[in-house]
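Worksheet: one structure, shown below.
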Amino acid sequence: MTILSPIEDIIEDLSLGKMVVIVDDENRENEGDLVFCASSVDSEKINFMAKNARGLICLALDKKRFDKLNLKLMTETNHSRHRTAFTVSIESKHGVTTGISAKDRAKTIQVASSLNCKASNLVSPGHIFPLLASEGGVLVRAGHTEAAVDLARLSVGDKQPYGVICEIMNDDGTMARFNDLVKFCKKYSLKMSSIKDLIEYRLRKEKFVRCIKTDSIKLGTKNIFKMHVYKNLIDFTEHIALVKGKIDSDDTILVRMHSLNIFSDLLNPQNKNLSKAIEIIAKREKGVIVIIRNPKKELQTKENSKKTVKKTLKEYGVGAQILVDLGLKKIELITNSKTNIIGIDGFGLKIQGVKKLK
Numbered sequence: 031m032t033i034l035s036p037i038e039d040i041i042e043d044l045s046l047g048k049m050v051v052i053v054d055d056e057n058r059e060n061e062g063d064l065v066f067c068a069s070s071v072d073s074e075k076i077n078f079m080a081k082n083a084r085g086l087i088c089l090a091l092d093k094k095r096f097d098k099l100n101l102k103l104m105t106e107t108n109h110s111r112h113r114t115a116f117t118v119s120i121e122s123k124h125g126v127t128t129g130i131s132a133k134d135r136a137k138t139i140q141v142a143s144s145l146n147c148k149a150s151n152l153v154s155p156g157h158i159f160p161l162l163a164s165e166g167g168v169l170v171r172a173g174h175t176e177a178a179v180d181l182a183r184l185s186v187g188d189k190q191p192y193g194v195i196c197e198i199m200n201d202d203g204t205m206a207r208f209n210d211l212v213k214f215c216k217k218y219s220l221k222m223s224s225i226k227d228l229i230e231y232r233l234r235k236e237k238f239v240r241c242i243k244t245d246s247i248k249l250g251t252k253n254i255f256k257m258h259v260y261k262n263l264i265d266f267t268e269h270i271a272l273v274k275g276k277i278d279s280d281d282t283i284l285v286r287m288h289s290l291n292i293f294s295d296l297l298n299p300q301n302k303n304l305s306k307a308i309e310i311i312a313k314r315e316k317g318v319i320v321i322i323r324n325p326k327k328e329l330q331t332k333e334n335s336k337k338t339v340k341k342t343l344k345e346y347g348v349g350a351q352i353l354v355d356l357g358l359k360k361i362e363l364i365t366n367s368k369t370n371i372i373g374i375d376g377f378g379l380k381i382q383g384v385k386k387l388k
């Protein structure tokens with residue numbers, strides 16, 4: 031039995047007004063949140079969250095709604111562990127009493143997420159805590175805030191891409207971890223999925239790279255490659271694809287996925303992985319090298335980079351989208367790593383074999 035439901039099933043349940051549980055990485059918060067679309071809010075859902083999840087009930091908003099409601103961040107200098115972007119708390123200006131009841135909190139969420147809401151319809155402070163999602167969603171920040179907004183957008187569309195979230199706690203007040211969340215979902219007949227699965231889903235379904243420049247480049251004395259510069263349309267990072275020979279989708283093409291590290295690639299004479307890959311492809315006279323840039327990693331020394339030696343799913347997704355744009359379907363991966371690229375077949379790419387760097 032599969033514990034985590036496919037994102038498609040999560041989207042379907044949310045579109046029907048149901049609640050789901052979304053869990054994040056065990057190396058991050060290792061927590062699960064109850065999530066539902068703000069457009070389906072009612073007092074019963076809020077009461078369920080307060081009674082059974084027990085965490086803080088928050089309203090996840092995108093930047094457009096944040097600006098429309100003239101909300102202010104709780105602090106301009108965010109030193110919290112995971113940089114969760116809390117705004118000042120809010121309350122509906124009309125139709126509530128104390129503001130804390132399930133009915134009142136549902137009313138505040140309904141007003142704040144309604145199509146015609148104005149900043150003047152809300153007051154602060156209040157009993158609902160809005161959260162500002164990062165633009166780009168889980169592809170930029172792998173948090174529950176971003177997951178709620180992404181899932182709401184996928185479930186109900188762009189008009190009301192807002193989610194209500196609440197951390198799940200155990201009866202004794204401790205945070206519910208994965209095994210606890212499995213029991214919670216079974217008890218209340220809820221589906222559960224992960225932020226990791228949502229990231230993978232978006233990487234498969236959305237195209238977010240665009241070739242902005244193509245030129246010829248000589249590598250060494252006689253190796254002519256086509257250089258394609260790609261821009262990530264979410265974080266605007268530029269990546270490079272070096273292409274040797276004519277790409278035919280029926281052929282199995284040599285591919286090297288290379289995560290750029292300036293210290294290691296340029297200043298470490300012992301690291302010749304990139305030059306070796308160029309030699310291998312030049313010898314076969316056909317292949318692709320995708321140089322993935324991650325500004326946070328590019329200046330890491332060897333010691334600091336040990337913690338981040340594995341490419342992230344997002345980096346693989348960028349590289350996979352570039353390969354698809356170049357017309358590749360079957361690849362032979364140049365790598366010494368034993369780690370498989372999870373989910374790459376979801377992009378329409380098939381790994382036909384692996385060639386070791388020597």
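So in the working numbering, spot 283 of the sequence shown is number 313, and the numbers just go up one at a time. Here a beta-carbon is modelled for each residue, glycine too, at the ideal position from N, C-alpha and C. Fair warning: this is a prediction, and the values are worked out from it, not measured in the lab.
Starting from residue i and walking both ways along the beta strand (DSSP E), at which residues does that stretch end?
i	result
D55	Element bounds for D55: n/a, residue is neither H nor E.
D245	V239 to L249
N60	No beta strand (DSSP E) contains N60, which DSSP labels as neither H nor E.
E268	E268 to K274
V318	G317 to I322
G289	In the sequence on display, residue 289 carries Ser and not Gly. Where S289 is concerned, the enclosing beta strand (DSSP E) stretches over T282 to S289.
DSSP state of residue i, grouped into three classes?
i	result
N100	coil
Q190	coil
D355	helix
A136	helix
H174	helix
E362	strand
E121	strand
R95	helix
K217	helix
L34	coil
E74	helix
N253	strand
K386	coil
L162	strand
V259	strand
R84	strand
E333	For E333, the predicted model reports a pLDDT of 48, less than 50, meaning its position is unreliable; a value from the coordinates is still stated below. In this structure, E333 counts as helix in the three-state DSSP scheme.
L211	helix
E106	coil
G156	strand
M49	coil
L169	helix
L21	The structure shown has nothing for residue 21, since the chain only spans 31 to 388.
L184	helix
I195	strand
I40	helix
V65	strand
I264	coil
A393	What the structure shows of the chain is the stretch from 31 to 388, and residue 393 is not part of that stretch, so it cannot be assessed.
I381	strand
What do you get for residue i, buried or exposed, if any count of 16 or more other CB atoms within 10 angstroms of its CB means buried?
i	result
D54	buried
R6	Outside the displayed range of the chain (31 to 388) lies residue 6, so it cannot be described from this structure.
Q351	buried
V105	Looking at the sequence shown, residue 105 is not Val but Thr. Per the 10 Å Cβ criterion, exposed.
D227	buried
S150	exposed
E61	buried
H266	Sequence inspection shows Phe at residue 266; the His mentioned does not correspond to that position. Exposed, since its Cβ has fewer than 16 Cβ neighbours within 10 Å.
P325	exposed
E236	exposed
E197	buried
L44	buried
R95	buried
P160	buried
C215	buried
D92	buried
T204	exposed
N146	exposed
Y346	buried
I40	buried
E230	buried
For the alpha helix (DSSP H) that residue i lies in, which residues bound it at each end?
i	result
R232	I225 to K235
E309	N303 to R314
Handout entry: the region 241-256 contacting the region 69-77, beta-carbon criterion three pairs below 8 Å
Key = As far as the Cβ criterion goes, the region 241-256 does not touch the region 69-77, which means the pair count is below three.
Handout entry: Given 8 Å, three or more beta-carbon pairs between the region 278-285 and the region 314-326
Key = These segments touch.
Handout entry: Validate contact between the region 151-165 and the region 120-131 using beta carbons, cut 8 Å, 3 pairs
Key = Yes, the region 151-165 is in contact with the region 120-131.
Exercise for the section: Determine, using beta-carbon pairs with one atom in the region 75-88 and one in the region 130-147, whether at least three such pairs fall under 8 Å. Expected result: The region 75-88 makes contact with the region 130-147: 3 or more CB pairs, one atom from each, lie closer than 8 Å.
Exercise for the section: Please confirm if the region 87-95 is in contact with the region 183-199, defined as three or more CB-CB distances below 8 Å between the two stretches. Expected result: Yes: the two stretches touch, three or more of their Cβ pairs being nearer than 8 Å.
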